[in-house]
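Protein chains in written order, with this note's numbering: chain A, 27 to 298; chain B, 27 to 298.
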């Protein structure tokens, strides 16, 4: 999925919502057996219900790996279902991989070739070698962690670094813009730090930003658009638990649809 | 595997070698079909041949994920085989995971509960929240990335940070020592930067250090012991490709054994 296609989706649907698919059997709705074999059915119902109100899906692989092979089967099934039934929705693998060159190439093959995701999240700590193997996939997106939405983002991401004393997350953005294939970079910037989006936009006026932390983590949609939007919208706003666990009864898919629709309605004035 | 057991293994075998199990079908020996179904057989022969000359095994999950479900089946089979047949060898999952609390807990369950690894590598970028869920497993080791052996470790890991202007990797070590369960931390410090081990030992005189980059990446064993060893040895030295691809013919397991034995013989004078 290229940039023009992504922007067209956002304009047409008047939303930049990404639905996070993070299955947790302890929160599965009544009527669905709380076992790994049910994960795909849970996802399928959520996807079918929310597809008109979002531009993509972001499964986080940790929630599948935790259930072993049966969990990973649901991961592959979900990727396959999305590709077959909703080919125009962005498929974003939230894997946060990071390793040196040879190994990074193997990770990139896993998400882009085995499961045919359009995009994958990648960690920056090890530098250029660990990211360029993802960027080498010319028709895919690499979504680099910059500023995350967790409290301990302050531990390292906010530390002033180098001669310019930029916070590390800004240095990550600035440095990564020099890497081969950097036009295929997006960045994770947590919504809990919406005012920081202004500083991010200094370094990457046109890049897409993936914004977690709206909903369950309490981020402010108004501030996100005010400080983060650009002329192409330039934002992908993720909500996971707030949507998929909106209702705990057998009408969970209806609940997810209503929540996704409500979030998209809140976004519409900013996108129009 | 606790600290005393690990040290006893090292003293008894007079080696601190960890064998990396990173299957690459393009480098599989003659006589072994280059398909994912052969990975476990490859690993099994390597393990049986090298077990007397090492204290543990470190499969890197990227090399399994790249082959999809069949690759991951080999991952689980390898973990299971090691646990059953070589329970006293350290089983270290090289996964370099990093995500926020709830998600980090899921990753930790995957490596420590599903596959029963003793230890897992974890990335520090997102800070305390992303590491403590691993440390919460009281009988396991969390091996935090500090200074890696790739050239672009300079991009961020070596940047001076904060008011003390320590290189980021040293700040990671210092900060992480304040986290709950920090007595169960080990650190990755690349052998290509052996002189840096001195500065690491200032912050963590007693922690075990996992040293990649000996062998294929050219690190210097003498310098690693000189600058990195402590009274309990305190080192786990990894070699992957140099051992498992020592010979490309049907005697590959013999080749791996000879290479592991030779490396251990080089280590012996430092450990005695």
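C-beta: ideal position from N, C-alpha, C; glycine also.
Query                                                                                                                                                                                        : Result
For residue 153/B, count neighbouring C-beta atoms within 10 Å of its own C-beta (all shown protein chains included) and say buried if the count is 16 or more, exposed if not.              : buried
Helix or strand or just coil, what does DSSP make of residue 256/A?                                                                                                                          : strand
Does residue 135/B have its Cβ less than 8 Å from a Cβ in chain A?                                                                                                                           : yes
In chain A, which residues lie less than 7 Å from residue 8/B when you measure between Cβ atoms?                                                                                             : Any question about residue 8/B goes unanswered here, given that chain B covers just 27 to 298.
Anyone know if the C-beta pair for residue 237/A and residue 255/A falls short of 8 Å?                                                                                                       : no
Say the cut is 7 Å; is the CB of residue 87/B nearer than that to a heavy atom of the ligand FMN?                                                                                            : For the structure depicted, the ligand FMN is absent and the ligand set is empty, with no information on it obtainable.
With a cut-off of 8 Å, do at least 3 Cβ pairs link the region 123-131 of chain A to the region 155-169 of chain A?                                                                           : yes
Tell me which same chain residues have a C-beta within less than 7 Å of the C-beta of residue 173/B, skipping the five on either side of it?                                                 : 179, 183, 195, 215, 216, 219, 222
On the DSSP bridge assignment, give the partners of residue 117/A in chain order.                                                                                                            : 83/A
Kindly list the residues whose CB is nearer than 7 Å to the CB of residue 271/A, restricted to its own chain and excluding five residues on each side of it in sequence; keep chain order.   : 53
Can you pull the chain B neighbours of residue 102/A, defined as C-beta to C-beta under 9 Å?                                                                                                 : 94, 95
Is there a Cβ from chain A that is less than 8 Å from the Cβ of residue 64/B?                                                                                                                : no
Report the option in 87/A, 64/A, 247/A whose CA atom is closest to the CA atom of residue 117/A.                                                                                             : 87/A
Determine the burial state of residue 176/B: buried for a count of at least 16 other Cβ atoms within 10 Å of its Cβ, exposed for fewer.                                                      : buried
Is the region 28-40 of chain B touching the region 57-72 of chain A, taking contact as three or more C-beta pairs under 8 Å?                                                                 : no
I'd like the span of the alpha helix (DSSP H) that includes residue 202/B, first residue to last.                                                                                            : 194-202
Please confirm whether residue 146/B has its beta-carbon closer than 8 Å to some beta-carbon of chain A.                                                                                     : no
Can you say whether residue 276/B is buried or exposed, counting buried as having 16 or more other CB atoms within 10 angstroms of its CB?                                                   : exposed
Buried or exposed: where does residue 164/B fall if 16 or more other Cβ atoms within 10 Å of its Cβ makes it buried?                                                                         : exposed
So what does DSSP say about residue 112/B, is it helix, strand or coil?                                                                                                                      : coil
Helix, strand or coil, according to DSSP, for residue 148/B in the structure here?                                                                                                           : strand
Can you check DSSP and say which residues form a bridge with residue 69/B?                                                                                                                   : Answer is none; residue 69/B lacks a bridge partner.
State whether the region 196-209 of chain B contacts the region 106-117 of chain B, with contact taken as three or more CB pairs (one from each stretch) at a distance under 8 Å.            : no
Distance check for residue 267/B and residue 279/B, CA to CA, integer angstroms please.                                                                                                      : 13 Å
Report buried or exposed for residue 56/A, applying the criterion of at least 16 other Cβ atoms within 10 angstroms of its Cβ.                                                               : exposed
Would you list the one or two residues that DSSP bridges to residue 237/A?                                                                                                                   : 263/A
Can you tell me which of 107/A, 229/A, 97/A puts its alpha carbon nearest to the alpha carbon of residue 48/A?                                                                               : 97/A
Listed from N- to C-terminal order along the chain, which residues in the region 178-189 of chain B have their beta-carbon within a distance smaller than 8 Å of any beta-carbon of chain A? : 178, 179, 180, 181, 182, 183, 185, 186, 187, 188
Looking only at its own chain, which residues have a Cβ that is under 7 Å from the Cβ of residue 137/A, when we skip the five neighbours before and after it?                                : 119, 121, 143, 146
I want to see whether chain A comes within less than 8 Å of residue 246/B, judged by CB atoms only; does it?                                                                                 : no
Which of the three DSSP states, helix, strand or coil, is assigned to residue 33/B?                                                                                                          : helix
Based on the DSSP secondary-structure assignment, which residues constitute the bridge partners of residue 187/B?                                                                            : 187/A, 192/B
Smallest Cα separation from residue 211/A: which of 193/A, 225/A, 232/A, 197/A?                                                                                                              : 232/A
Compare the C-beta of residue 151/B with all C-beta atoms of chain A and state if any pair is closer than 8 Å.                                                                               : yes
List the endpoints of the continuous alpha helix (DSSP H) containing residue 297/B.                                                                                                          : 278-297
Taking only three categories from DSSP, how would you classify residue 167/B?                                                                                                                : strand
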